[in-house]
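Comments concern the structure below.
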Amino acid sequence: MNNQLSKVNCIQTTVDKKIKCNAGSGSKNITVILPAYNEEDSIGSIVLLTKLYSDDVIVVDDASSDRTAEIAKNAGAEVIVHQTNRGRDIALDTGFKAAINLGADVIVTMSSNGHHNPADIPKLVDPIIKGHADIVNGSLYLNSPDKPTQIYHRVGQNILGKFTNKNLYKTKDSQTIFRAFSVSAINAAHLDSQSMTVDNWMLADAGKSNLRIKEVEIGAHRNFGDQVKDPIKYILGVLKTVLMDIENNKPLYLYSVPGFALATCGFYMGLRFLEATLLGIGSLHFWPLSLMVFLSIAGVYMTMRGILMHSFVEVTAQTESV
Numbered sequence: 001m002n003n004q005l006s007k008v009n010c011i012q013t014t015v016d017k018k019i020k021c022n023a024g025s026g027s028k029n030i031t032v033i034l035p036a037y038n039e040e041d042s043i044g045s046i047v048l049l050t051k052l053y054s055d056d057v058i059v060v061d062d063a064s065s066d067r068t069a070e071i072a073k074n075a076g077a078e079v080i081v082h083q084t085n086r087g088r089d090i091a092l093d094t095g096f097k098a099a100i101n102l103g104a105d106v107i108v109t110m111s112s113n114g115h116h117n118p119a120d121i122p123k124l125v126d127p128i129i130k131g132h133a134d135i136v137n138g139s140l141y142l143n144s145p146d147k148p149t150q151i152y153h154r155v156g157q158n159i160l161g162k163f164t165n166k167n168l169y170k171t172k173d174s175q176t177i178f179r180a181f182s183v184s185a186i187n188a189a190h191l192d193s194q195s196m197t198v199d200n201w202m203l204a205d206a207g208k209s210n211l212r213i214k215e216v217e218i219g220a221h222r223n224f225g226d227q228v229k230d231p232i233k234y235i236l237g238v239l240k241t242v243l244m245d246i247e248n249n250k251p252l253y254l255y256s257v258p259g260f261a262l263a264t265c266g267f268y269m270g271l272r273f274l275e276a277t278l279l280g281i282g283s284l285h286f287w288p289l290s291l292m293v294f295l296s297i298a299g300v301y302m303t304m305r306g307i308l309m310h311s312f313v314e315v316t317a318q319t320e321s322v
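Mapping of the sequence shown onto the UniProt record's numbering: residues 1 to 322, in sequence order.
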């Protein structure tokens, strides 16, 4: 890495044959965000290792019931504690805002359970520091097409490729949390948006915001007994990303189309009930009547929601293009 541009200076050690990097006196502030929930077994070591490759480390403790916050603070991290468990997405959002307040120039997000190797941080930040990228995605599969992958991972990537914004699928591993962002990319993401994970939002809307995405290969680092991600949890995460992408870009398909179908069913049931009542060939029953009302109200609500969101998306697109 260019020592004049980077905060990181690297020296070759003769003991473990690895590159050890320490924060230097460059011009860029590198801040790492570690969202954590009950990670007392790994958080201390991860913070200490991460501090070798960054200027600041922020641990967002998402209401852990163990000593995660205490250990992270003792290891030298800036610790923010959520009083209630709010999920990784909100933890990242909290971390981004705190990093900007600390004066970060480059922000890195990574796992706090030891899955990611802090020694890969220089790889992620280097393209941003050199001005070649706004977002850098860490991938286990970039230059290793023959590397064995779980079938659920391939299924998930195929789903993302078919249904989400193409900018999101340009990355080989769109579900990874190991990413680096320039502050300009963070500012372009509008952190008050609660409709989608901030990091995935930026990948999905990179084209609209003229953000440059680069991908670098990283290695897995499971020193703390980290297990392979639960397939069900992974697929659910992929489906969540798909739905949020559709909501952001094609709300008519997500809301208005199914809403119109529901409303049509409800109105049709209502007409049949009215016909039966007028002709005296039937009587109203509570459950069928309740279903009719539910379908009609839900259908109208979803249809109107889709139309309003579509209008909002169009107005936002026109505003950004001005």
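Think of the CB as a built atom: it goes at the ideal place given N, C-alpha and C, for glycine as much as any other residue.
Range of the contiguous beta strand (DSSP E) that encloses residue i
i, result
"E70", "First-last for E70: T68 to N74, but that is the alpha helix (DSSP H), not the beta strand (DSSP E)."
"E215", "I213 to E217"
"P35", "I30 to A36"
"N137", "I135 to S139"
Distance CB(residue i)-CB(residue j) smaller than 9 Å
i, j, result
"A133", "K214", "yes"
"S42", "N101", "no"
"L262", "L308", "no"
"V313", "G259", "no"
"G138", "A75", "no"
"N29", "D66", "no"
"residue 332", "G219", "Because the chain in this structure spans residues 1 to 322, residue 332 falls outside the shown range and cannot be described."
"V242", "V136", "no"
Close beta carbons around residue i, own chain, < 7 Å, minus the five adjacent residues each side
i, result
"L49", "P118"
"S182", "V106, I128 and D134"
"R86", "D62"
"S25", "The predicted position of S25 is uncertain, since its pLDDT is 37 and thus under 50; no value can be drawn from it."
"G266", "M292, L295, S296 and G299"
"L278", "none"
Sequence-distant residues of its chain with Cβ nearer than 6 Å to residue i (five each side left out)
i, result
"Q194", "In this prediction, Q194 has a pLDDT of 45, which is less than 50 and means its spatial position is unreliable; nothing more can be read from the coordinates."
"S111", "I177"
"H310", "P251 and L252"
"G44", "I71 and A75"
"E78", "I58"
"V125", "I30, V106 and A180"
"R88", "P35"
"A69", "D61, V79 and V81"
"K123", "V216"
Rounded distance between the beta-carbons of residue j and residue i, thought under 8 Å
i, j, result
"A36", "S64", "7 Å"
"D55", "T31", "6 Å"
"D61", "I80", "7 Å"
"M244", "M269", "Going by Cβ atoms, the distance from M244 to M269 rounds to 32 Å, so no, they are not a contact pair."
"D186", "T109", "It is worth fixing the name first, because residue 186 is Ile in this sequence and not Asp. That belief does not hold up - the Cβ atoms of I186 and T109 are roughly 11 Å apart, past 8 Å."
Where the alpha helix (DSSP H) containing residue i begins and where it ends
i, result
"F267", "V257 to L279"
"T176", "First-last for T176: undefined, no H or E at that position."
"S45", "I43 to K51"
"G114", "Here G114 belongs to no alpha helix (DSSP H), and DSSP marks it neither H nor E."
"D126", "I121 to I129"
Residues sharing a beta bridge with residue i, DSSP
i, result
"V81", "D61"
"T94", "Answer is none; T94 lacks a bridge partner."
"I107", "T31 and F181"
"D56", "T31"
Own chain residues within Cβ distance below 8 Å of residue i, not counting five before or after
i, result
"T303", "Y255, S256, G259, F260 and A263"
"L289", "F273"
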